[in-house]
Structure formats: structure tokens, C-alpha cells
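Asks: As numbered in the numbering used here, the sequence shown has no gaps in its residue numbers, which increase by one up to the final residue, 659. Dumping the structure here so I can ask a few things about it.
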Amino acid sequence: MIRRHRLLLAIAAVATAVVTAAPPAPAQTDPPAPPTIELASRSPWIGPEGEATFLLETSGDLTGATIQVEVFSALDSVEELEESADEDVGVRLALAPPRGVDLLEPGPDGTRLVGLRASADPTDDQTVQLVAPGVHPVVITLLGPDGATLDEIRTPLVRLGDETTGWEAPDLAVLLDVAATPTLQPDGTRAIDPGELRRLARVGDLLAAHPDLDLSVAAVPDTVDALGTLPDPAAATLLERLTDRDLLAVPYLPLPVASLMDAGLGGMVAPLVERGDALLADRLDATPDRDVWVGPTAVGRDGARLLDELGFDAVVVDAADAEEDDDEPLAAAGPFPSPTTAPLLGIVTDQALSAELARPLDERADAAHLALARLLLRPVDGGGGDDESPSVLVRPRELASASVLDGLLGLLDDPEAPVRVGGLGLLDAVPDDDADAVVRRDAPSPDLGDIARRVLVAAGPLDTFQTLTGLQSSRADDLRLQVATAVASTTPPDRRDAAMDVVEEVLGTAFGSIRLSGQTDLNLTSRRGTLPVTIENANPFPVDLVVRTRSDRLAFPDGGETPVTVEAEDVLRIDVTVEALATGSVPVFVELWTPDGTVRLDGRQLNVRSTAISGVGLVLSLGALAVLVVWWVRHWRRTRRERALGEATGSGTVPEPMG
């Protein structure tokens, strides 16, 4: 029994030792990544005779893997282009024999280079024949050792035209806006939202990346004004990139011309256009081009005539029936006759294409090539003569940080590009003889409502304020910019009211801060003297005034109006020369007026006690005295004769009566 127990203990000890000494189980490893290929970069297009290259990034176990290239016939539409992203479309024109991945020429950063040779004429089995311009689907396939498809890349390849057969591609005119929400604040400072500044900076980046492309730029002067006040380096950089460029003439702020004309405020348009031109010339060393009006809202018939008088020939309009559909025809830019803007011509923006180009560019390496293919495959609705390509105008207002337009211009900034790129200069000056009239679809015009009434009421006092502060003062000009902000197309409603509140408050305070003071009871002890008039100016700026005096019994040898200037927060005493016409209490009326004579600022009555005899009074007094002396002498003589006669009668001698 004891022996059996010992045997069991020994067996247990051996088992424990075996278990303890057993090697650990091998760690579980992840399966190897599948072989893949990804397009890193590629040629923008291929000529009638040439080679396109594709750089591939590879990963995974590529042992025994091969690359095969296929080329298909030209696509006819954007719809076919979209289908070719997932399946074969058209006729296969070439199928290159598979080639080992390890045999491909190495490219930068570990990529592999795949070449595709093409010719307009048949050559050899290594060259694909592409006889005419077109967009051809290219399929690059990664095959396993057994010939199974492991991965593939589908991308469109543009075959350029030649001297005999060219692309019937439209010209692409690009209009870029540098426009922030009106920047002038009620307190007179300038501000641009950081998000808006980043958006504006993207326009500057685009211009800097393509200095040789004559893109049209509409820089709102109010925005340019604010950029010069911001400490952000991005603002200074943008100003630098706008300097010395050809800019379009735009008013100082975007104006709803039709609304202004309807409200009787059409007189604001010309001064703001002139102000805009002057600011762009001063800040950006530009000579703005006044051919095309690019305002976003309606101009109306009366507004169109006004703009025509100011030198504009055409107005940018939005297509009336724009739809965001890649397969819809592009809208030709024109120009076209425009019944709603006559005598101005209409230039049409393609809103759908504008929105497409403003979107972020896909991360795939051929995103810009896809955008070019879509542009080439879309027909153009109207425009263009028999010997010229039509133009399409895009105006992307909200560019993404890396937009489709960025990528597309990166391709088209090349003399060989199938699409010519520029600005409004690509458009004809006159419409085709058979061009249909364009119907404008206007952005909603702001309802100025009570703002228009307030602007009309403030117009006169604002002009008067200019004479009060001096023609060289900028204070009235600052208020006019607040008025312009109140009526601008892009001003939020609450900012409109705030701007006019500032104008009305400043005018009321300025006029109410000037008054007459000093004594009202005065004595004039000589025939000629002076009356002291005291003027108080509580404004923080000097003012020009006219002092008017009038009285029925005082004369003013120097005239009844005296122009004066009272310094800021100062009291001025002037002496008005007077001449008494009568004695006694004489009322004198003193008034303060603005230099233009339209606003009476203050008035008071002075009571002047005159104790001096005037020249006329002296003459009258001397005359009365002379009469009195003559009367007294005659009276004395008569009395003396009567006395002498009485004495004679008393002596008894009475003269005899005659006859």
C-alpha cells in the first residue's frame, strides 16, 4: 500500500515536470495584407503621338503579381464617364500583355511607373492607336500569379487634338470674388470674421499659384479697406497678391441698384463706384475695368440706364434654369441680349459648374483629371460661332481649402491644355447675331423699407454736417460709409439699423452741441460800439458757423452775417460792431446757422440799452434848439416893443391914426 502510494506520487511529480517544461504555444500572427495598387500621380493627358505615365503605389506580397493595362474607346457623355468608374464602357482598343510588378521601372518614393504609348496611326502592338481627340477609360489591373484580379485602377485619359482635329472644348472664364460681409462696424472700426478671412485667403492662394492665368477678380473696396487694418499676416499677404492685378470696377460696397432706384436713392450709386475705383487705385495700384457690372442683385431698367451712363457695357447674370446635374449642358457665357437689363448685355454664369468647382477635391490622385473629363464631355448650350469655341463663366463663391478648381487650374495652366482658361476677357464684346435673349434670375434684393426712408431723411443733414465740419474733414465721409453699409446688398438686417442709428445719433449730437451763451442785457454808451457774442462748441471737433444778427434800431456796419470757426470743446467770444439808431431799450436777435444756411443751431434775443444820441437825433435836436432860440428872440423883441408902447401912452402923446 505504501509502495503504491509512493508510485503515484512519483508519477505526479514527473507529470508536473513535463507540464512545466513544455514550450509555450506560438503567438497568433495577423494574416498578410492583400496585394494592392493605388494611383499616386499621372500625366494630365496624352498627345496624338506620345506616352502617358502612371505612378503606382504598391503594397502587400507581390510575388508573382503582374500589371495589365487596357484602353477603351472614347466616351460620349458624363454618364458614361461615371459608369466607367465601375465597369468597362465602350470597345477595348488595347490590352497590353501582363508585366511583372518587379519588372516595372521604379519611380520616386518607392512607386512603380506604368507607361502607355499612343499614336494616331497604327504602329506596333505596344502602342495604342487613338485616332481623334477624346476621353478614353484606362484600366490598370493587378493580377495574381494565377491570373486572378487582385486590384484595379480606373481613370480617364484625355487625348489632345492636333492641327487638323481639335477639341470642341469651351473656354473657361473664371470670376473670383474677394468680398467679406460689410466690414465697417457701428463704432467706426473694421472687422472681418476669421472664417471669412480664411476663405478670402484661399482666393489669394489660387491667384498666387497661377500668376499667368488672367483670371478676373472682383475685389470689394470695403473688404480691401479692412484688410489694410487687420494685424493678421494673412490679410497683408492677400493684399500683396491682389496688387498690380487687373481688377473689375465694383462699387465701394455691393449695391442693390434696382432697390435704390425704386427708393429714390439712385444718386448713391455713382459716388460709391467712383469711391471704389479710387480706393483700388490707391491701395492696389490698379486701374479697375469698368466694362462689366458684377453686382449680385437686380439692376432694373432705370438702374441699367444709369450703369450705362457710368461706362458699363454688360452685367453678370445667373442662368434662369440652373440645375446641379453633371450631365446637363453647360451654360454659355455669352454675351446675350438681355431685355431686363437693356441697354446692358447679359453675361451668364454657370451656377451648377461653379458649385461643382468650389467643392473639396477628392483625395484620389486623379480627381482633377476627372473634373477635366467632365468638363470636356458636357455640351454647351448656346454661344460660340462657327469658328470659335463658346465660353463658360464660373463664379465659385465659397472655395474649399483644396477645391476642384484648384486641381483643375493646376492641369489647365499649361499651353497644351485642351481648355483655354482666363477671365471675362475671353468673352466676345458683342453677342452673336442669332443669340437668344437671356432671362436673368436675380438674387433676392433686400427690402430696404424703413431704412430707405431713414436714409432719405438723413441725406440733407449729412450734407449740412459736411459744411459744419469743413470740406476737408473726413467725419461726414465716415457717416456716408455707414449709410452705404445700411443699404448694401450683403448687410445683415440688424447691421442696417445699427448703421443708421449711428448716423442719426452723430448728427443729432453734433447739431445739439453748439449754443449761444453769455449776457443778454447789454449797455451801449456811445453811438458806435460792439456787442459781445459767446459761442460754445461741445463737440470733439472744430465747427464752422455763421453768426446772424438783426435789429430794427441798430445798424451793423460789417454786415449782419459773421463766419466763425470754433475749436473743439471750446468757447469763442466775438465782438459784433454796431451803430445806434435810437436810444432806449433796443432788441437784438442773434442766431447760429450752419454755413450752408439750412440748419439754425441756436438763437437768442439780446436787450441793448442805448444811451447815445445818434447823428440823426443830434441834427433833430439842434434843429429844435434853433427853432426855440428863434422863437425866444422874436418873443423877446415883441415884448420889448409892447413895453415901449405902453410907456409912450402913459405920457399923453398918442400918435394920430393915418388917413
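Note that the Cβ used here is the ideal one computed from N, Cα and C, for glycine as well.
1) Can you look up glycine 425 in the DSSP assignment and give me helix, strand or coil?
2) Would you say leucine 242 and valine 224 are within 9 angstroms of each other, going by their C-beta atoms?
3) Have a look at glycine 64 and aspartate 246 and give me their C-alpha separation to the nearest angstrom.
4) Quick check on the DSSP output: the beta strand (DSSP E) that includes glycine 166 runs from which residue to which?
5) Looking only at C-alpha atoms, which of Gly346, Ala219, Pro251 sits nearest to proline 337?
6) Measuring CA to CA, which of Leu375, Ala373, Val392, Leu376 is closest to glycine 382?
7) So who's on the other strand from histidine 136, going by DSSP bridges?
8) With DSSP run on the structure shown, which of helix, strand or coil describes serine 259?
9) Expressed to the nearest angstrom, what Euclidean distance is found between the alpha-carbon atoms of proline 446 and leucine 516?
10) Would DSSP call threonine 639 helix, strand or coil?
11) Starting from the N-terminal side, write out each stretch of the beta strand (DSSP E) that is 3 residues or longer and does not extend beyond the segment 191-260.
12) To which residues does DSSP link phenylalanine 336 through a beta bridge?
13) Could you pull out every residue in the same chain whose Cβ sits closer than 6 angstroms to the Cβ of isoleucine 205, ignoring the five residues on either side in sequence?
14) For the beta strand (DSSP E) holding threonine 485, just list the boundary residues, first then last.
15) Counting Cβ pairs, one atom from each stretch, are 3 or more of them under 8 angstroms apart for the segment 159-168 and the segment 42-50?
16) Does the distance from the C-beta atom of leucine 175 to that of leucine 424 stay below 9 angstroms?
17) Between Gly300, Leu357, Leu361, which has its C-alpha nearest threonine 341's C-alpha?
18) From this set, Leu427, Val564, Asp308, Gly560, which residue's C-alpha is nearest aspartate 544's C-alpha?
19) Alpha helix (DSSP H) containing phenylalanine 511: first to last residue?
20) Going by C-alpha distance, which of Arg480, Asp414, Ala298 is nearest threonine 464?
21) Please classify arginine 117: does DSSP put it in a helix, a strand, or coil?
22) Just to confirm, are alanine 426 and leucine 172 a CB contact at a threshold of 9 angstroms?
23) Going by the CB atoms, is the gap between valine 576 and valine 533 shorter than 9 angstroms?
24) So if DSSP puts aspartate 544 in a beta bridge, which residue, or which two residues, is it bridged to?
25) What's the gap between the Cα of glutamate 309 and the Cα of leucine 280?
26) How long is the line joining the alpha carbons of serine 354 and valine 114, rounded to whole angstroms?
27) By Cβ distance below 6 angstroms, which residues in the same chain neighbour glycine 90 in space, the five residues on each side in sequence not counted?
28) For glycine 512 and valine 599, what's the separation of their Cα atoms in angstroms?
29) Ordered along the chain, which non-local residues of its own chain (more than five positions away) have a Cβ less than 6 angstroms from that of proline 339?
30) Please determine if the segment 216-232 and the segment 403-411 are in contact, where contact requires at least 3 C-beta pairs separated by less than 8 angstroms.
31) If I measure Cβ to Cβ from alanine 373 and keep anything under 6 angstroms in the same chain, skipping five residues before and after, which residues do I get?
32) Assuming threonine 349 and arginine 395 make a contact with CB atoms under 8 angstroms, what is their CB distance in whole Å?
33) Measure the CB-CB distance between serine 401 and proline 431 and report whether it falls below 9 angstroms.
34) Relative to the C-alpha of valine 69, which residue among Ser77, Leu56, Gly60 is closest?
35) Would you identify the three-state DSSP class for phenylalanine 312, choosing helix, strand or coil?
36) Return helix, strand or coil for valine 404, following the three-state DSSP convention.
Replies: This is what the structure gives:
1) Residue 425 sits at position 425 when you count from the first residue of the sequence shown. Here glycine 425 sits in helix by DSSP.
2) Translated into the one-based positions of the sequence shown, residue 242 becomes position 242. Translated into the one-based positions of the sequence shown, residue 224 becomes position 224. Closer than 9 angstroms, so yes.
3) On the sequence shown, position 64 is the one that residue 64 refers to. On the sequence shown, position 246 is the one that residue 246 refers to. One Cα belongs to glycine 64, the other to aspartate 246, and the distance between them is close to 58 angstroms.
4) The count along the sequence shown starts at 1 and reaches residue 166 at position 166. In this chain, glycine 166 is not harboured by any beta strand (DSSP E), its DSSP state being neither H nor E.
5) Position 337 of the sequence shown holds residue 337. Ranking the options by Cα distance to proline 337, first place goes to Gly346.
6) Mapped onto the sequence shown, residue 382 falls at position 382. For glycine 382, the closest alpha carbon among the candidates Leu375, Ala373, Val392, Leu376 is that of Val392.
7) By one-based count along the sequence shown, residue 136 stands at place 136. DSSP links histidine 136 through a beta bridge to Leu157.
8) If you number the sequence shown from 1, residue 259 lands on position 259. Helix at serine 259.
9) Translated into the one-based positions of the sequence shown, residue 446 becomes position 446. Translated into the one-based positions of the sequence shown, residue 516 becomes position 516. It is roughly 44 angstroms from the alpha-carbon of proline 446 to the alpha-carbon of leucine 516.
10) Counted from its first residue, the sequence shown places residue 639 at position 639. Threonine 639: helix per DSSP, three-state reduction.
11) Entirely contained in the segment 191-260, the beta strand (DSSP E) runs reaching 3 residues are, in chain order, 216-219.
12) Working through the sequence shown from its first residue, we reach residue 336 at position 336. Under the DSSP definition of a beta bridge, phenylalanine 336 partners with Gly346.
13) What you label residue 205 is simply residue 205 of the sequence shown in a count that begins at 1. According to the sequence provided, residue 205 is aspartate. The question's isoleucine does not apply to it. Correct list: empty, nothing qualifies.
14) One-based indexing of the sequence shown puts residue 485 at position 485. If you look at threonine 485, you'll find it isn't in any beta strand (DSSP E); it sits in the alpha helix (DSSP H) that goes 475-487.
15) Cβ pair count under 8 angstroms is three or more, so yes.
16) One-based indexing of the sequence shown puts residue 175 at position 175. One-based indexing of the sequence shown puts residue 424 at position 424. A contact, by the Cβ cut-off of 9 angstroms.
17) Taking the first residue of the sequence shown as position 1, residue 341 is located at position 341. Ranked by how close their Cα comes to the Cα of threonine 341, the residues Gly300, Leu357, Leu361 have Gly300 in first place.
18) To locate residue 544, count along the sequence shown from 1; it is residue 544. The shortest Cα separation from aspartate 544 among Leu427, Val564, Asp308, Gly560 belongs to Val564.
19) Your numbering for residue 511 matches position 511 in the sequence shown. Residues 493-512.
20) Here residue 464 refers to the residue found at position 464 of the sequence shown. Closest in C-alpha terms to threonine 464, from the list Arg480, Asp414, Ala298, comes Arg480.
21) Along the sequence shown, read from residue 1 onward, the residue named residue 117 stands at position 117. The answer is strand: DSSP assigns arginine 117 an E or B state.
22) On the sequence shown, residue 426 is found 426 positions in, with the first residue counted as 1. On the sequence shown, residue 172 is found 172 positions in, with the first residue counted as 1. One point to set straight first is that residue 426 is leucine, not alanine, in the sequence displayed. Yes, Cβ-Cβ distance for leucine 426 and leucine 172 is below 9 angstroms.
23) As a first step, residue 533 is located in the sequence shown; it is residue number 533 there, counting from the start. As a first step, residue 576 is located in the sequence shown; it is residue number 576 there, counting from the start. Remark: C-beta atoms of valine 533 and valine 576 approach each other more closely than 9 angstroms.
24) Taking the first residue of the sequence shown as position 1, residue 544 is located at position 544. Residue pairing from DSSP places aspartate 544 in a beta bridge opposite Thr565.
25) Within the sequence shown, the letter at position 309 stands for residue 309. Within the sequence shown, the letter at position 280 stands for residue 280. In this model, glutamate 309 and leucine 280 are separated by some 21 angstroms (Cα to Cα).
26) The count along the sequence shown starts at 1 and reaches residue 354 at position 354. The count along the sequence shown starts at 1 and reaches residue 114 at position 114. Looking at the two C-alpha atoms, the distance is approximately 34 angstroms.
27) Within the sequence shown, residue 90 is the residue found at index 90, counting from 1. Cβ within range, chain order: Phe72, Ser73.
28) Counted from its first residue, the sequence shown places residue 512 at position 512. Counted from its first residue, the sequence shown places residue 599 at position 599. Spanning the two alpha carbons is a distance of roughly 11 angstroms.
29) Here residue 339 refers to the residue found at position 339 when the sequence shown is read from its first residue. Answer for proline 339: Ala437, listed in chain order.
30) In short, these stretches do not touch, since the Cβ pair count stays below three.
31) To locate residue 373, count along the sequence shown from 1; it is residue 373. Cβ neighbours of alanine 373 beyond the five flanking positions: Leu81, Val135, Pro156.
32) Here residue 349 refers to the residue found at position 349 of the sequence shown. Here residue 395 refers to the residue found at position 395 of the sequence shown. Correct: roughly 5 angstroms between the Cβ atoms.
33) Within the sequence shown, the letter at position 401 stands for residue 401. Within the sequence shown, the letter at position 431 stands for residue 431. Cβ atoms of serine 401 and proline 431: not closer than 9 angstroms.
34) On the sequence shown, position 69 is the one that residue 69 refers to. Nearest C-alpha to valine 69 among Ser77, Leu56, Gly60: Leu56.
35) On the sequence shown, position 312 is the one that residue 312 refers to. Secondary structure at phenylalanine 312: coil, using DSSP grouped into helix, strand and coil.
36) Reading the sequence shown from its first residue, position 404 is the one you call residue 404. Here DSSP, grouped into helix, strand and coil, assigns valine 404 to helix.
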